[in-house]
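Here is the structure we will look at.
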Amino acid sequence: MSCVGYLGPAGTFTHAAALELAAAAELVPMPQQSAALAALAAGEVDGVVLPIDNSVNGVVLPTLDALLATPGATIVGDVTVAVTFVALRRPGGVPAEVVVSHPHALAQCADYVRDLGLPVRTSSSTAEACRDLAPHEIALAAPICADLYDLEVLATAVEDHSGAGTQFVHVTSEDSAAGAGEVTLLAVLPERNEPGGLIRVLEPLHDLGVNLVNLVTRPVPASGGRYLFLLWADGLAPEQFVDYRARLAESGVRCSHLGGISGHVRHGGDAGSGVVPRRLGAGS
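Residue numbering for the sequence shown is 32 to 315, as defined by the working numbering.
Structure representation (structure tokens):
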């Protein structure tokens with residue numbers, strides 16, 4: 032039986048994703064993304080399941096940074112899990128003084144937290160918030176945590192936007208060619224940060240007729256100002272990737288294939304124009 036790590040403890044949304052992506056495997060909880068990918072690199076597990084994107088709060092930077100730090104780690108599958116939160120407390124607990132959860136959960140339930148008028152405490156996961164919940168605290172977590180940790184449900188569906196989803200990826204040490212998908216995730220590193228650098232990275236994709244569905248910039252630590260780009264390229268065929276990487280190499284730009292996903296995470300429910308930030312709304 033294969034062994035697959037996930038961000039634990041039991042009851043996290045990552046646990047739910049692992050049950051879908053690696054149902055036949057032995058599932059092992061991991062404390063954070065860097066530890067999970069270190070275990071993969073050391074051969075201690077056959078794969079890991081990690082969150083990569085959320086339809087409300089965007090990409091999960093610790094996952095992306097851990098992927099960048101782990102040679103050979105390749106995304107070979109993904110699943111999007113519907114995200115809804117409940118407010119939980121210890122049975123017979125004292126009056127609440129603090130709300131505790133993962134930072135992404137607190138952000139997705141900001142209206143509910145504001146209405147409570149209580150300070151917050153962050154945890155490494157929604158499930159950890161429940162496992163370590165103090166009598167004077169309220170946890171925001173997945174509904175499954177109520178039974179797992181014998182907690183009382185105070186309120187359901189406390190998220191600001193219904194229909195939210197988090198995309199989780201299955202990462203292994205397979206060759207990057209095995210990570211083909213509808214959307215290819217690429218890491219691109221120019222030699223220096225200079226005017227026109229991003230255009231040189233994107234122009235070859237334009238020439239190939241490849242659309243981007245996302246772009247994230249990450250600083251290169253202790254580099255004195257260098258940046259790399261993470262690109263979500265829609266419909267990039269293997270031969271196009273070879274062509275793209277060759278064109279980048281001509282100008283001294285390095286490129287790595289991090290794997291493929293079935294598509295870019297989308298918000299559930301009725302499609303619409305979404306909640307446009309006020310600074311970018313009509314008349315601003």
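For each residue, glycine too, the CB sits at the ideal point set by N, CA and C.
By the C-beta criterion, the region 138-152 is judged not to be in contact with the region 210-228, since fewer than 3 inter-stretch pairs fall below 8 Å. Taking all protein chains in view, the Cβ of residue 109 is crowded by 16 or more other Cβ atoms within 10 Å, so the residue is classified as buried. Residue pairing by DSSP places residue 252 in no beta bridge whatsoever.
Considered as a whole, the region 87-134 harbours 105-113, 117-120 and 129-132 as its complete beta strand (DSSP E) runs of no fewer than 3 residues, in chain order. About 6 Å separates the Cβ atoms of residue 246 and residue 260, confirming a contact at the 8 Å cut-off. Remark: C-beta atoms of residue 162 and residue 40 approach each other more closely than 7 Å. Per DSSP, residue 205 is not a residue of any alpha helix (DSSP H), being assigned neither H nor E. DSSP, reduced to helix, strand and coil, places residue 283 outside both helices and strands of the structure shown, so it counts as coil. Within the same chain, and ignoring the five residues on either side of residue 258 in sequence, the residues whose Cβ sits closer than 7 Å to its Cβ are 224, 248, 249, 250 and 251. Rounded to the nearest angstrom, the gap between the Cα atoms of residue 292 and residue 310 is 32 Å.
Apart from sequence neighbours up to five positions away, the residues of its chain that approach residue 87 with a beta-carbon distance below 6 Å are 139, 192 and 195, ordered along the chain. With fewer than three CB-CB distances shorter than 8 Å, the region 264-278 does not count as touching the region 76-94. Listed in chain order, the non-local C-beta contacts of residue 36 below 6 Å within the same chain comprise 59, 61, 67, 70, 76 and 79, local neighbours out to five positions each way being set aside. The C-alpha of residue 107 lies about 31 Å from the C-alpha of residue 153. Beta-bridge annotation (DSSP): residue 59 is paired with 36. For the pair residue 169 and residue 202, the Cα-to-Cα distance works out to about 33 Å. Where residue 84 is concerned, the enclosing beta strand (DSSP E) starts and stops at 78-85. For the pair residue 83 and residue 200, the CB atoms are nearer than the 7 Å cut-off. Judged by their CB atoms, residue 111 and residue 133 are not nearer to each other than the 7 Å cut-off. Along the region 163-205, the alpha helix (DSSP H) occurs as fully enclosed runs of 4 or more residues at 175-179, listed in sequence order. Counting only runs of 3+ residues, the beta strand (DSSP E) found wholly inside the region 219-271 occupies 242-250 and 258-265, in chain order. Taking a 10 Å sphere around the C-beta of residue 131, we find 16 or more other C-beta atoms and assign the residue as buried. DSSP places residue 46 in the helix class (H, G or I) of the three-state scheme. Here residue 177 has 117, 119 and 184 as same chain residues with Cβ atoms under 7 Å from its own Cβ, once five neighbours each way along the sequence are excluded.
In the structure shown, the three-state DSSP call for residue 297 is coil.
Look at residue 137 here: in three-state DSSP terms it is helix.
Membership of residue 152 in the beta strand (DSSP E) is indicated by the continuous run 151-153. If you check the CB distance, residue 198 and residue 296 come in under 7 Å.
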